[in-house]
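2 protein chains.
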Amino acid sequence: MHSKSAPNPHAETVWTRLVRASTRVQAEIEATLKAAGLPPLDWYDALWEIEKAAPDGLRQFALQERLLLPQYGLSRLIGRIAEAGLITRTPCPEDGRGQILALTEAGAAARKAMWPVYAAAMEQAIGTRLTGDDARRLADMLARLV
Amino acid sequence: MHSKSAPNPHAETVWTRLVRASTRVQAEIEATLKAAGLPPLDWYDALWEIEKAAPDGLRQFALQERLLLPQYGLSRLIGRIAEAGLITRTPCPEDGRGQILALTEAGAAARKAMWPVYAAAMEQAIGTRLTGDDARRLADMLARLV
DNA sequence: CGCAGATAGATGCATATGCATTTATGTAGA
DNA sequence: TCTACATAAATGCATATGCATCTATCTGCG
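Respectively, the protein sequence lines represent chains Y and G. Per the numbering used here, the first sequence starts with residue 1225, numbered consecutively. Per the numbering used here, the second sequence starts with residue 1225, numbered consecutively.
As structure tokens, then:
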């Protein structure tokens, strides 16, 4: 985006492609889910984290750390998913300020229905463009940016 | 996010880290720009593309392809930037439906003021975490996902 | 020419997001 | 205990985004 050289001369290229790649892949996955009449991606992530935390349930602030969402963003996401009947929010006995999130039957079913579509979209958008070895290497390098 | 294996067993890891890395880096860069009292990232990209297209100017649909933004999104982005006095929209003589985008003095100055802050944030968020060689390799791999 | 698309760009309306603040509860120290 | 501060979560308000549609112009074909 600019010719002046920087300490690490490839940082800019990495950044540009990182954005382009993740934007494209995300758009493809979202489009696939929507075309299948399924909820958006962030619903999946939330449902999955809550499902993994069963049977104890999950506090909202804990989910917040896992999903890297801002507090108000998650509060509203949770509100929408709960509105759709996929999760429950029950008051936390140990901490009157908090609540415990858990999947409903419908929530577990929804997550399960999303997975094959999600996985196929991921494979399509990423898996088919890289060999297994390259994918592993790419994942390793990306880990250092996380 | 799920244990069932897929054709390319690393696609899921790539996807997860791709999102996390780009989200984190983007958040850092945006925060740095905002802290410096500068416009957001997408303004920079637009200004820079328009500046590169000088002296001919740039059609909105051409910018749209370069920035990978939806038509209505760019229409509004352009509206905001023009409102701020950083670009001009003049009717296109060859095509009455279109317009030609060009930087104003203030627009060129704004882009120039943003660059060092942007570059430093990029270096901070990416350059310091990878060797030059690794950055080049990473960029090469990402190219296949773009 | 006259009309059927196609294309460039804007916009109304619903939904989502960012930011700051609020409410309620918890914790620690004088 | 009372007070000050910290934390969990929600929300009012402004702004941004997605989607569908609209207007205006262009292009090609009978």
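Even for Gly, the Cβ is constructed at its ideal location relative to N, Cα and C.
Practice problem: From the DSSP output, in three-state form, read off ARG1313 of chain Y for me. | Solution: Position 89 of the first sequence holds residue 1313 of chain Y. Strand at ARG1313 of chain Y.
> What did DSSP end up calling LEU1282 of chain Y once you bin it into helix, strand or coil?
Replying inline: Mapped onto the first sequence, residue 1282 of chain Y falls at position 58. The answer is strand: DSSP assigns LEU1282 of chain Y an E or B state.
Where THR1240 of chain G sits in the DSSP three-state scheme: In the second sequence, residue 1240 of chain G corresponds to position 16, counting from 1. For THR1240 of chain G, the three-state secondary structure derived from DSSP is helix.
Q | chain Y contact for GLU1236 of chain G (CB, 8 Å cutoff) | A | As a working note, residue 1236 of chain G is residue 12 in the second sequence. GLU1236 of chain G counts as touching chain Y.
* What whole-angstrom Cβ distance do VAL1243 of chain Y and GLN1250 of chain G have, given they're in contact under 8 Å? -> By 1-based counting over the first sequence, the position of residue 1243 of chain Y is 19. By 1-based counting over the second sequence, the position of residue 1250 of chain G is 26. The pair is a contact, with the Cβ atoms about 7 Å apart (cut-off 8 Å).
**Asked** Of the residues Y:GLU1252, Y:ILE1305, Y:LEU1325, Y:GLU1307, which one's Cα is nearest the Cα of ARG1313 of chain Y?
**Response** The count along the first sequence starts at 1 and reaches residue 1313 of chain Y at position 89. Cα-wise, what sits closest to ARG1313 of chain Y is Y:LEU1325.
- With a cut-off of 8 Å, does the C-beta of ALA1260 of chain Y fall near any C-beta of chain G? Here residue 1260 of chain Y refers to the residue found at position 36 of the first sequence. Not one chain G Cβ lies under 8 Å of ALA1260 of chain Y.
- Query: DSSP state of ILE1274 of chain Y, grouped into three classes?
  - Reply: Residue 1274 of chain Y sits at position 50 when you count from the first residue of the first sequence. Helix.
Quick one: give me the first and last residue of the beta strand (DSSP E) that ILE1305 of chain G is part of.
For the purposes of this step, residue 1305 of chain G is taken as residue 81 along the second sequence, with counting starting at 1. From DSSP, ILE1305 of chain G is part of no beta strand (DSSP E) but of the alpha helix (DSSP H) over 1295 to 1307.
Beta-carbon spacing of LEU1257 of chain Y, MET1338 of chain Y below 8 Å | The count along the first sequence starts at 1 and reaches residue 1257 of chain Y at position 33. The count along the first sequence starts at 1 and reaches residue 1338 of chain Y at position 114. Contact: yes.
- Short check: CB of GLU1275 of chain G to CB of ARG1335 of chain G, under 8 Å? One-based indexing of the second sequence puts residue 1275 of chain G at position 51. One-based indexing of the second sequence puts residue 1335 of chain G at position 111. Yes, the pair counts as a contact, with Cβ atoms nearer than the cut-off.
_Can you tell me whether ILE1350 of chain Y is helix, strand or coil according to DSSP?_
Here residue 1350 of chain Y is taken as the residue at index 126 of the first sequence, counted from 1. Shown here, ILE1350 of chain Y sits in coil according to DSSP, grouped into three states, outside any helix or strand.
_Taking contact to mean 3 or more Cβ pairs, one atom from each stretch, closer than 8 Å, check whether the region 1345 to 1357 of chain Y and the region 1298 to 1312 of chain Y are in contact._
Contact between the region 1345 to 1357 of chain Y and the region 1298 to 1312 of chain Y is absent, because fewer than three Cβ pairs lie under 8 Å.
- Query: How close, in whole Å, do the beta carbons of ALA1245 of chain G and LEU1366 of chain Y come, if the pair is a contact with beta carbons under 8 Å?
  - Reply: Indexing the second sequence from 1 puts residue 1245 of chain G at position 21. Indexing the first sequence from 1 puts residue 1366 of chain Y at position 142. The C-beta distance from ALA1245 of chain G to LEU1366 of chain Y rounds to 5 Å, short enough to meet the 8 Å contact threshold.
Task: Where GLY1351 of chain Y falls, given that 16 or more other Cβ within 10 Å makes a residue buried - done: To locate residue 1351 of chain Y, count along the first sequence from 1; it is residue 127. A residue is called buried when at least 16 other Cβ atoms come within 10 angstroms of its Cβ; GLY1351 of chain Y meets this threshold and is buried.
Residue span of the alpha helix (DSSP H) that contains ALA1359 of chain G, given as start and end:
For the purposes of this step, residue 1359 of chain G is identified with residue 135 of the second sequence, where counting begins at 1. Note, ALA1359 of chain G: alpha helix (DSSP H), 1356 to 1367.
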